[in-house]
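Enquirer: Numbering (the working numbering), first residue to last: -9 to 142.
Built from N, CA and C at the ideal position, the CB exists for glycine as well.
Computed from a predicted structure; not experimentally measured.
Let me give you the structure first, and then I'll get to my questions.
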């Protein structure tokens, strides 16, 4: 049997919060569907999951880490103080504390926001090839009598 983990689910608060704030009502709304689904899925597989909403106080994370001592953080935080530019700073905090967490690291979050870097390092990925039925390469990939195209 796999080890059951203690998981702390972190997500964005819409206003200043407390470390033990109850979000039962909010988790039943459409706006909080992702957070509710994550909490439900963790519970279904037997993990002990608690949640914490972060708005403008990183000390709440420290307090929750002391009282709950999670094995891993499930990071759904996308902003801090309503500023999406601070998401990598929250992840930096996790990294500096040596915490295990889900999602991208702070370096990746920083680089993806750097417009010039993104343009210079753009990698084109081909998802499918379109091959005409009249192409020699298409022989054997589809019905030869058909004029359809083959998608990979």
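May I ask you to verify whether the region 36 to 56 touches the region -1 to 13, counting CB pairs closer than 8 Å and requiring at least 3?
Expert: Segments in contact, yes.
Enquirer: Name the two residues that bound the continuous alpha helix (DSSP H) containing residue 83.
Expert: The count along the chain shown starts at 1 and reaches residue 83 at position 93. Its alpha helix (DSSP H) spans residues 77 to 86.
Enquirer: So, with DSSP's three-state summary, where would you put residue 35?
Expert: As a first step, residue 35 must be located in the chain shown, where it is residue number 45. Correct three-state label for residue 35: coil.
Enquirer: Could you check the C-alpha separation between residue 164 and residue 68 for me, to the nearest Å?
Expert: In the structure as shown, the chain begins at -9 and stops at 142. Residue 164 is therefore absent and cannot be evaluated.
Enquirer: Please state whether DSSP places residue 63 in a helix, a strand or coil.
Expert: Within the chain shown, residue 63 is the residue found at index 73, counting from 1. Three-state result, residue 63: strand.
Enquirer: Report buried or exposed for residue -3, applying the criterion of at least 16 other Cβ atoms within 10 angstroms of its Cβ.
Expert: Indexing the chain shown from 1 puts residue -3 at position 7. It counts as buried.
Enquirer: Along the chain, where does the beta strand (DSSP E) that runs through residue 58 open and close?
Expert: The sequence position of residue 58 within the chain shown is 68, counting from 1. Residue 58 -> not in any beta strand (DSSP E); alpha helix (DSSP H) instead, spanning 49 to 58.
Enquirer: Cα-Cα, which of 96, -1, 101 is closest to residue 26?
Expert: The count along the chain shown starts at 1 and reaches residue 26 at position 36. Among 96, -1, 101, the Cα nearest to that of residue 26 is on -1.
Enquirer: Tell me whether residue 90 sits in a helix, a strand or coil according to DSSP, three-state version.
Expert: Counting from 1 along the chain shown, the entry for residue 90 is found at position 100. Three-state DSSP puts residue 90 in coil, outside helix and strand.
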